[in-house]
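Encoded as structure tokens, the structure appears first; notes follow it.
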Amino acid sequence: MWRTIFTGGRLASHWNTSSRPGTNSGSNPKQLYRNPIRHSSLLSSVAPCSQIPVSTIAPSPPRRNIYKRDARQLCSSKRWNSDLAVPRPASREQEYRIPLPEWSSLEEEEEYQRGFFRTIENGQPNQVMEAMVDPRSVGLVGALAPTTFIEILHLLAPSHFVEPYRDLHHTLHGWGVLMQGLQPLEAVFDEFTRALLTIMQYRVAAGYPPQLTEYTHLLDCARAMGNGPLADELWEEMNTNNIAPDVICFNHYTGAKVWDHCYVGKESYNLRVLPYSYKKRRMTNPSPGWRGFGTAANSVRRVVLDVFSEMSQNGLSGDEQTYINVLLASARVGDMTATKNILVTVWNVDVDAIVAASDHSSLPPVTPYDTWSGLYPTERLLFAVAHAFGTGNDFQAAMKTVDFIASSYNIHITDKVWTELFERAYTLSKEHKRRQAQDGRTGKVSRETVHGMFQTMTEEPYSVSPTLQMYRFTTQTHIMDGALEKCKEDMRKAYDILSETRTRRKQARDTVMRCLQPVFESMKAPPSEDKMTPSRRVKYQRDNCLEPDEALFQCPLLAEAIHTYDLLRLEVFQQIYLMQRIAYAVVKRKFWKDTPDKVWEQQERPKLQEEWKDFLPEHNAYESTRSYREHESGTVEFRGQTNSHSRYMSQHGRIHARRLPDQAELFQPIEEKVLDDRIFWELLLRDYPKLDPSISPLNRLYTFQLEHTPELKEKLNKLSTWVEYPEEHRLSDKNNPAGGFYGRIHALELDVDPRRSVYWRNGSPWNV
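Numbering-wise (UniProt numbering), the sequence shown opens with residue 1 and increments by one.
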């Protein structure tokens, strides 16, 4: 049985959308008008909304403005029409059908209903999401009372499904994630968005169009994912249904526009504001790496200011997050004067005076706000200031302004703010080549500043716990300084962090096993009357085990334990990935300032290769300068089974462990090389062959990393083909020096349309 919903209908028109940006761009949206209020290039006129006289607010109904998706978004979104992209729902000109469940008996239906409401009552977010999305639940979801549905919807929060994965993927390169068979961050966003929109389709089909609370939650999800086009769809739908947004809605919408495409792909590496980036982002059809928020005619600042004006006209008072979004939007387009004006107008924070002053005593006091006021600054403002001035190439302004605001309002500088400041300091201290060399001189920070900042934030009174990514930054800085001994010291400290995280993962795995114990007990075979040795008893149980009781898998404690373990497993993967990059960067270094060349090549480098064997590929090569011997140089190559592109490098089923150098025997591990978790779960299936790894929530244990499909392997083999263009060709190195990889993609005919993005995904998006 099917229930048909026509997507051209009033209530269902936009719920047939994908998490992919602009997937409905092929339609003909109605012409929408813009706010006629224009803004000056500066924000000197911006004042807190609380200062607007009440008499200036017209009593007429609030005027709603919708900001049409510009040509830039529509054109760039066509990249998603690739055969490599995640499948999308039907376009709005088509219809989609929701199948109604067919029950074999009334008892079966009642049993499912009891299980559904039991899951809702337990409140475990992953189980609730699965129960709500299940096609058998379409009638149950539609029959929920509005207040009950809202409470359930709040369980499906981005803080649980999006933000932990987003933060862990921040330090992972997308190509490395693909090669390792891990689930890309885009796929995490896709699954979450698709599930939310499916649930909303069920409600719309039952006659419950989304109201303000539902839209607020969905906009919050779009903000957390940095999905501006999805936020545009939701905003347009609110206008269609005559739903007036509140301040939180406005904040979520502008937040989604400011952080559009800032968490995924090459875009996450291109947040610095430079003339080159400004030019790339102003294009109507931007290249991969420059999608998302725009500049010039596609300015994100103009859109955010229009939304801010509409909010003021509707009589709504902006809060801290409102002005943070305006501040960030100005910083995105490089208007640092407007960014500073916002801080002066709202909080009386004069950035120029702060940078010029030697201490805070000569500075004017900040604007006093009660702690309960919506304008009282919090950690969010500190992070926004650090990010805005850090990406705006003014690290001194970022550091001093954060310190001034924190001391003036008695705000604790959290680890998140310190991490952002440290990352921006490291980025501005790096040495660049070719075109980036000119950009690298903008806002240049000395490497001594990076070292000094690391020491400051890790000592009293801040006592920030260093992360492995921080040690990667310090190690790279030591490499640029040519300080081998400091590199070795930081690498060992970084390994201690990995070892600690692995211990927490082991504890989480033990918790999962304790939660699975009732399942194992239900699978035990009847005891045999014959006397058996322990090994034969294990074989007997394996050969005669029973089917598990599937009801035991619905335990909320099991689902929560697996979710916690899954995040720790990803964190361990992230830290191993970073350790591999650190180790390889140190070993391939040609020379050091604090170590003679002969000592480096004949003593120190072999020791490092022994110590970090598990983090280096077996097959690797490095150049030998041999400056201590005249006319002797070349390449030293180690031939092994694995290389830098291999999935498991030199692990071979055991954990990565640091080796102790200068021991009586070679390759002595500092800790026991126990089986890796991947092997542990495979052995569990061998002991319990009736255990179905595809059943939820066990499927999360067995889909962490998947093998490449033949289709992807074929395309990866194609990418190994060397491609050269004639000098006169538009894609040659001479005419297009920055497009080598994408030029190869084009030459190998892996793109039908050159505007398409390179995402190797199909119906199973991260297992292609």
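Backbone N, C-alpha and C define an ideal beta-carbon position, used for all residues, glycine too.
Simplified DSSP state of residue i, which is helix, strand or coil
i	result
Arg291	coil
Pro526	coil
Asn348	coil
Arg441	coil
Gln663	coil
Gln668	strand
Ile411	coil
Pro518	helix
Gln705	strand
Gln31	Low per-residue confidence applies at Gln31: pLDDT is 34, beneath 50, and the placement is therefore not dependable, though the value from the model is reported in the following sentence. In the structure shown, Gln31 sits in coil (DSSP, three-state: anything other than H, G, I, E or B).
Ser499	helix
Ser694	coil
Ser268	helix
Asp549	coil
Asn735	coil
Ala357	coil
Glu618	coil
residue 784	The first residue shown for the chain is 1 and the last is 768, placing residue 784 beyond what the model contains.
Ala398	helix
Member of the options whose CA lies at the smallest distance from the CA of residue i
i	options	result
Leu363	Arg302, Tyr725, Tyr622 and Val351	Val351
Thr511	Leu558, Asn242 and Thr449	Leu558
Arg273	Arg441, Val303 and Pro697	The sequence shown places Val at residue 273, not Arg. It is Arg441 whose Cα lies nearest to the Cα of Val273.
Ala195	His412, Pro125 and Glu237	Pro125
Glu110	Met132, Ser137, Val133 and Gln127	Ser137
Arg658	Ser499, Glu448 and His563	Ser499
Ile342	Gln603, Gln321 and Ala356	Gln321
Asp306	Asn325, Pro288 and Trp290	Asn325
Lys713	Tyr112, Leu197 and Gly181	Gly181
residue 769	Ile199, His563 and Pro669	As displayed, the chain neither begins before 1 nor continues past 768, which places residue 769 out of reach and without an answer.
Tyr269	Phe553, Thr391 and Asp319	Thr391
Glu310	Gly292, Asn251, Val133 and Pro365	Asn251
Thr477	His656, Thr458, Ser446 and Asp134	Ser446
Ile679	Gly653, Val204 and Gln668	Gly653
Pro146	Thr213, Glu121 and Phe116	Thr213
His360	Thr345, Thr401, Pro209 and Cys487	Thr401
Ala384	Ser330, Ser373 and Met513	Ser330
Leu484	Trp600, Pro466 and Asp566	Trp600
Leu428	Thr449, Ile405 and Leu570	Thr449
residue 769	Ala494, Leu218 and Ser732	The displayed coordinates of the chain run from 1 to 768. Any statement about residue 769 would go beyond what the structure contains.
Pro617	Thr216, Met579, Leu570 and Thr595	Met579
Val586	Lys488, Thr533, Cys555 and Phe161	Lys488
Gly139	Leu468, Ala206, Pro596 and Ala551	Ala206
Extent of the continuous alpha helix (DSSP H) run through residue i
i	result
Asn325	Glu320 to Arg332
Glu560	Pro556 to Val587
Glu423	Asp415 to Ser429
Thr240	Gly228 to Thr240
Leu381	Glu379 to Thr391
Gly315	Here Gly315 belongs to no alpha helix (DSSP H), and DSSP marks it neither H nor E.
Ile243	Neither: Ile243 is in no alpha helix (DSSP H) and is coded neither H nor E.
Met480	Leu468 to Asp481
Leu218	Leu212 to Met225
Leu716	Pro710 to Leu719
Tyr540	Pro534 to Asp543
His451	Arg447 to Thr458
Residue interval of the beta strand (DSSP E) (run including residue i)
i	result
Glu610	Looking at the DSSP string, Glu610 is not in any beta strand (DSSP E); the run it does join, the alpha helix (DSSP H), is Arg605 to Glu611.
In DSSP terms, what residue i is bridged to
i	result
Arg654	Leu675
Gln124	Answer is none; Gln124 lacks a bridge partner.
Pro286	DSSP, once it has assigned bridges, lists no residue as partnering Pro286.
Ser277	Note: Ser277 sits in no beta bridge, so no partner.
Ser299	Gly294
Which parts of the stretch 135 to 199 are runs of the alpha helix (DSSP H), unbroken and 4 residues or longer, counting only runs that do not cross its ends? 138 to 143, 146 to 155, 158 to 161, 163 to 169 and 174 to 179
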